[in-house]
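Report on the following structure.
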Amino acid sequence: MGQLSSSGKSWGLPALLFLTCWGILALGFHHFLTSRRAVLIWDFAPLWSGARALFLEGRSPYDQEVTLRTMQESYGRPARSGEDPRAFSYPLYALYLVAPLVWMPRSWAQAFWMASLLEVFLSGSLVVWRVWHRPSQGWQAGLFLVGLLFLYPVTWALLLGQMSVWAFAFVAFTIWALQREKDLWAGGYLALSTMKPHLVALFVPVVLIWSAKQRRWDVWRAFGFMLFVLVVSGWVLLPRWPWDFLQALQRYAQHRPFVPPLWMMWEALLPAGVSPAYLVSLMALSLGWLVWVGRMKDPRAWPPVAAFTLVLTFLVAPRAHLADQVLLVYPLWGVFWKPEKPNSLFRGLFQGSFLGLLAGYWMVHGRWLTDIALPSLTKEMFQHRVLSPLLPGLLLGTWLYLFLRWRGAHPVR
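Going by the numbering used here, the sequence shown opens with residue 6, and the numbers climb by one from there.
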């Protein structure tokens, strides 16, 4: 008696290490960044204002008065035409991640949020490393991880305080848990990933179809239970939140028309009929991939299936910002996984392309986007159209090649 179980020991030490690092990082961010100047972590501000309104004042985070308060904090005035409206536009339960910070001053809340995002990103990346069969040299993974921190979408997501970093971690842990047959955990993480729903709109049905094909119904049970808890607890706090959330999404789409690469393609080919062409191709690609996934039986296919699903998502899903592409760290890392018969020429070409992309992002940002004399919205849309197709496009060709190689080595039985 009085001794920790083996399970408690296995969880206790990582949890203690996580909390210790979280505190140290928060102290560092506060000392060197958030307390020394009027710093505003841009995408954290609507979350923090919304959480304070909900948990401290009992008000809806979607209300216009709350949005005006965030505008005042961001601009010192109401937002003008073409500026970010600073509105909260997430599911209500996304605020549960911010709830522990609402009693802090803004400088400390921002510091702890930045610390949590960095830790969550590193944790998700380490899980991804384990999914893809760790390389023989541990320093290779460490070097690649440092490189990822300077990848433009990752850096941008961390500096903005983006919720997409949490979505990446939940997706990574879902993939890992499903591979390790920890199905209850997989279902729970999958439900939590819906805090940014458009980024997992294809990933969620793929996981559910895959687990059903494997007759692993605990994934469904855990997913349904966790999602029920998240949605119903939100109803208890704010009964009208689903309707308010849909309205917030509609307003966000009007102010920030981030179109996917698939839309851009049809816009160039059929400018007069872009909407129907996009919708038809979106349905065909999504349904085709879901049917393909439903036909796969070999459980070893799961890591590449998940990777290609995320790549396809960022080619077709609307409203995906460049900083949302932090989720593509999983398929990006997977390219460095060694297939049965490694092709050194192919691997060298990809690594060279990745290094070129790593530098190219910052060259475009530094040489064009920083100095270009355009309104902020125009510049943001230009950035999105120029930069957002690059990483999904590179990964599409790469993963089509790798997936076809894998299918050739492991045909459907």
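In this text, a Cβ means the ideal position worked out from N, Cα and C, and glycines have one as well.
Quick check on the DSSP output: the alpha helix (DSSP H) that includes residue i runs from which residue to which?
i, result
"residue 302", "No alpha helix (DSSP H) holds residue 302; DSSP gives it neither H nor E."
"residue 117", "111–136"
"residue 250", "246–260"
"residue 159", "157–165"
"residue 276", "Careful: residue 276 lies outside any alpha helix (DSSP H) and carries neither H nor E."
"residue 337", "334–339"
"residue 315", "307–321"
For residue i, which residues in the same chain have their Cβ closer than 7 Å to its Cβ, ignoring the five residues on either side in sequence?
i, result
"residue 369", "391 and 392"
"residue 298", "211, 214, 215 and 310"
"residue 79", "45, 50 and 91"
"residue 219", "304"
"residue 181", "132, 135 and 136"
"residue 283", "267, 268 and 271"
"residue 40", "112"
"residue 150", "130"
"residue 367", "157"
Residues in the same chain with beta-carbon distance under 8 Å from residue i, minus the five sequence neighbours each way, listed in chain order, please.
i, result
"residue 358", "399"
"residue 262", "386"
"residue 73", "83"
"residue 287", "267 and 321"
"residue 3", "There is no way to answer for residue 3, as the model of the chain reaches only from 6 to 418."
"residue 12", "Annotation note: pLDDT 47 at residue 12 (below 50); position unreliable, coordinate value reported separately. Nothing meets the Cβ criterion."
Buried or exposed: residue i, going by 16 or more other Cβ atoms within 10 Å of its Cβ?
i, result
"residue 138", "exposed"
"residue 176", "buried"
"residue 313", "buried"
"residue 201", "buried"
"residue 241", "exposed"
"residue 345", "Note that residue 345 has pLDDT 48, beneath the 50 cutoff, so the model's placement of it is unreliable and the number below is only indicative. Residue 345 is exposed by the Cβ-count criterion."
"residue 238", "exposed"
"residue 61", "exposed"
"residue 199", "buried"
"residue 178", "buried"
"residue 24", "exposed"
"residue 145", "exposed"
"residue 35", "buried"
"residue 148", "exposed"
"residue 407", "buried"
"residue 316", "buried"
"residue 409", "exposed"
"residue 383", "exposed"
"residue 28", "exposed"
"residue 337", "buried"
"residue 66", "buried"
"residue 354", "exposed"
"residue 106", "buried"
Among residues of its own chain, excluding the 5 on either side of residue i, which ones have a beta-carbon nearer than 6 Å to its beta-carbon?
i, result
"residue 224", "188, 191, 192 and 216"
"residue 231", "193 and 196"
"residue 162", "169, 170, 328 and 331"
"residue 364", "none"
"residue 308", "136"
"residue 396", "330 and 333"
"residue 421", "One cannot answer for residue 421 here, as it falls past the ends of the chain, which runs 6 to 418."
"residue 126", "170"
"residue 64", "58"
Measuring only from the beta carbon, is residue i closer than 8 Å to any heavy atom that is part of the ligand PLP?
i, result
"residue 44", "In the structure on display, the ligand PLP does not appear, and there are no ligands present to speak of."
So that I know if they touch, is there some Cβ in chain B lying closer than 9 Å to that of residue i?
i, result
"residue 290", "Structure shown: chain B not included; a single protein chain is present."
Checklist line | Contact between the region 43–62 and the region 95–115 (3+ Cβ pairs under 8 Å) | finding: yes
Notebook entry, point to check: Looking at C-beta atoms only, is the number of pairs between the region 206–215 and the region 251–258 that lie closer than 8 Å three or more?
Noted result: no
Next item on the list: For the region 154–164 and the region 185–194, state whether three or more C-beta atom pairs, one from each stretch, are separated by less than 8 Å.
Entry: no
Next item on the list: Any chance you could list the alpha helix (DSSP H) runs of at least 4 consecutive residues sitting entirely within the region 53–86, in chain order?
Entry: 69–80
Item checked: Cβ contact (3+ pairs, closer than 8 Å) linking the region 308–326 and the region 283–300 -> yes
Note to self: Measuring CB atoms only, is the region 80–94 touching the region 124–134, in the sense that at least three cross pairs come out at less than 8 Å?
What the structure shows: no
Margin query: Pairs of beta-carbons, one from the region 110–119 and one from the region 42–50, closer than 8 Å: are there three or more?
Written below: yes
Next item on the list: Please specify which runs of the beta strand (DSSP E), each continuous and at least 3 residues long, are wholly inside the region 167–224, giving them in chain order.
Entry: none
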